[in-house]
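Input: a single structure, listed below in structure tokens.
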Amino acid sequence: MLEKIDLGKHIDDHTYAKKIAPLYQRLGVLQRVHWDLRVPIIIVVEGWNASGITSVIGELIQYLDPRGFVLHSIGSPKDEERARPLLWRFWTRTPARGRMAIFARSWYSRSLAEQVSGIDWKSRIKRAIFDINTFERQLTDDGVVIIKFFLHISKEEQKRRLNEREKDALTSWMITQGDWDFHAHYDDYLPIIEDYISGTDTRHCPWTVVGATDGNYTRFKVYSTVIRTLEEKQKVLEKKRQDKCGPALPKPPRNRIRRVAEAPRQYTRAEYEKILRECQEQVHNIQYLLFKRRIPLIIVYEGWDAAGKGGNIMRLVRAMNPRGYDVVPIARPDQTELEHHYLWRFYRRFPAAGHITIFDRSWYGRVLVERIEGFCEEKEWKRAYHEINEMEEAYVEGGGGLIKFWLEVSKEEQYRRFIARQNDVLKEWKMTEEDWRNREKWKEYEKAVDEMLARTSTGIAPWTVIESDDKYYARLKAIQTVIAYGRKVLE
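All you need for our numbering is the position in the sequence shown, starting with 1, plus 9.
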């Protein structure tokens, strides 16, 4: 593949100056157009060491409004990033609507650096390619424009440039032993890089491979490709032919999950308190072992209003070390969150290695509240089943633990709890007009809940239904489920 790229293309200085000048203004205009259209743009510039990545990006940003873009120069991960899945650091850097993110190296370089080691590196690269394709497809389905470049030079040209830079006092500091080590393995990395490029050259996110021997040609090729891509996107938007949700995806198969509110048994208060204390001690020990082995754990709580999520979480964390867990209550997204892909705000709160994050409501709001209340389009919430399953699979395959609870309560029991809350001065703050409005749409929510459970209960991330009419039983079942899951993960 790469050996077929013409490395001899050249543009002389006079011709380059004449051809590039009108493109400067055009790119600035297109940046403002897409800002107004609220189209997020990602530009990825990858390539061999010394292939001219810095030069290309320097030329690209000269006439861009600096308020509308951010440049990410990707190097070795920081401690916070190293403690999370590879794509986490890039999800959190995705641009808001109308903004532009330029990556000087990206998830590709980091994947190459982090996956090409150990005895199982080939299967890990295969998995990384799958995860990258999923990541890019989810973004483009949401309207993001991704433009990817790989700057290709020969091994001989790379050696010449490294030697040249090393001899120049102004650039010698840029050359490290790592550059020479990478150069020494050029022939080994070549087929791996080709696998990455061919495996991620998709319809929605194609590569532009540039023969980068001549700097003028390289910069002009990148500039003109960015402009052509943005012009094509503008035409589609102006003709109102943009499919915001991308191609229709088949729905995930249904796995029938039975919702039951009535507890199969009851506990006396004395029994409940005794078992709860024993369970809390076990949870404390499991938390310590997860931290010691650097295994992150996510616990998702979903359920009807007044199903007991808050009380359930309080009993679960009571004996935990507070420095090792976070409870994240999910409310309506703020304006910044609305400007990004809906999963963005959840990726930002994923736990570091060894920590626990408990979501009091979660990304499932996309297929529940947002679906019923019309906060997203039908095609968007239908697409979300796949996106959620893909996200959860990637997280678990990457070494994380995931527990998902649905707290089921009967309509009659919910009504009793609503009234009790309104009559209790210590609990009346929990009740809002929205709770009563949601109750009026019980049947609509039931349909959405059933489909959510059926479409997203997978072998790698199953749902656990908690019978919650009896609070004692619900709390014990949840904490016992966490204990059983923790022991399984730690085996």
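Glycine residues also receive a C-beta, built at the ideal position from the N, C-alpha and C atoms. Values in this document were obtained by computation on a predicted structure and should not be read as measured data.
{"Asked": "Kindly indicate which residue of Ser132, Phe191 and Pro104 has the alpha-carbon position closest to the one of Val153.", "Found": "Pro104"}
{"Asked": "Under the DSSP definition of a beta bridge, which residues are partnered with Lys413?", "Found": "Val309 and Trp472"}
{"Asked": "Leaving out five residues before and five after Glu290 in sequence, what residues of the same chain have Cβ atoms less than 7 Å from its Cβ?", "Found": "Ala328"}
{"Asked": "Evaluate Phe227 with the Cβ neighbour count: other Cβ atoms within 10 Å of its Cβ, from every protein chain shown; 16 or more gives buried, anything less gives exposed.", "Found": "Per the sequence shown, residue 227 should be read as Thr rather than Phe. Buried is the call here."}
{"Asked": "Express the C-alpha separation of Asp369 and Leu338 in angstroms, rounding to a whole number.", "Found": "In the sequence as displayed, the identity of residue 338 is Pro instead of Leu. Rounded to the nearest angstrom, the two C-alpha atoms are 5 Å apart."}
{"Asked": "Could you give the distance in angstroms between the alpha-carbon of Ile155 and the alpha-carbon of Asp210?", "Found": "12 Å"}
{"Asked": "Thinking C-beta only, is Tyr25 closer than 8 Å to Asn172?", "Found": "no"}
{"Asked": "Three-state secondary structure (DSSP) at Phe159?", "Found": "strand"}
{"Asked": "Given that a residue counts as buried once 16 or more other Cβ atoms are within 10 Å of its Cβ, and exposed if not, what is Pro215?", "Found": "exposed"}
{"Asked": "Should Glu421 go down as buried or exposed, given a rule of 16 or more other Cβ atoms within 10 Å for buried?", "Found": "exposed"}
{"Asked": "How long is the line joining the alpha carbons of Arg324 and Glu282, rounded to whole angstroms?", "Found": "11 Å"}
{"Asked": "Does DSSP put Gly107 in a helix, a strand or coil?", "Found": "coil"}
{"Asked": "Keeping to the same chain, check which residues put their C-beta closer than 6 Å to that of Glu68; ignore five residues upstream and five downstream.", "Found": "Arg228"}
{"Asked": "Using a 10 Å radius around the Cβ and a threshold of 16 neighbouring Cβ atoms, would you call Asp151 buried or exposed?", "Found": "buried"}
{"Asked": "Expressed to the nearest angstrom, what Euclidean distance is found between the alpha-carbon atoms of Gly107 and Gly319?", "Found": "37 Å"}
{"Asked": "Which same chain residues, not among the five before or five after Gly255, have their C-beta less than 6 Å away from its C-beta?", "Found": "Residue placement at Gly255 cannot be trusted, given a pLDDT of 49 that sits under 50; the coordinates are not used to answer."}
{"Asked": "Work out the CA separation of Leu148 and Tyr356 for me, nearest whole Å.", "Found": "13 Å"}
{"Asked": "Counting only runs of 3+ residues fully inside the segment 426–481, write out the beta strand (DSSP E) ranges in chain order.", "Found": "472–476"}
{"Asked": "So, are the CB atoms of Ile50 and Met109 less than 8 Å apart?", "Found": "yes"}
{"Asked": "Under three-state DSSP, which class holds Asp22?", "Found": "helix"}
{"Asked": "If you drop the 5 nearest sequence neighbours on each side, which residues of the same chain put their C-beta closer than 6 Å to that of Leu73?", "Found": "Gln40"}
{"Asked": "Is Gln296 buried or exposed, if buried means 16 or more other CB atoms sit within 10 Å of its CB?", "Found": "buried"}
{"Asked": "Taking Val292 and Ile488 to be in contact with their CB atoms under 8 Å, please state how far apart those CB atoms are, rounded to whole angstroms.", "Found": "6 Å"}
{"Asked": "Whose CA, out of Gln275, Glu240, Trp445 and Asn447, lies closest to the CA of Val48?", "Found": "Glu240"}
{"Asked": "Please return the same chain residues whose Cβ sits closer than 7 Å to the Cβ of Ser118, not counting the five positions on each side in sequence.", "Found": "Glu55 and Ile83"}
{"Asked": "Counting Cβ pairs, one atom from each stretch, are 3 or more of them under 8 Å apart for the segment 357–366 and the segment 297–316?", "Found": "yes"}
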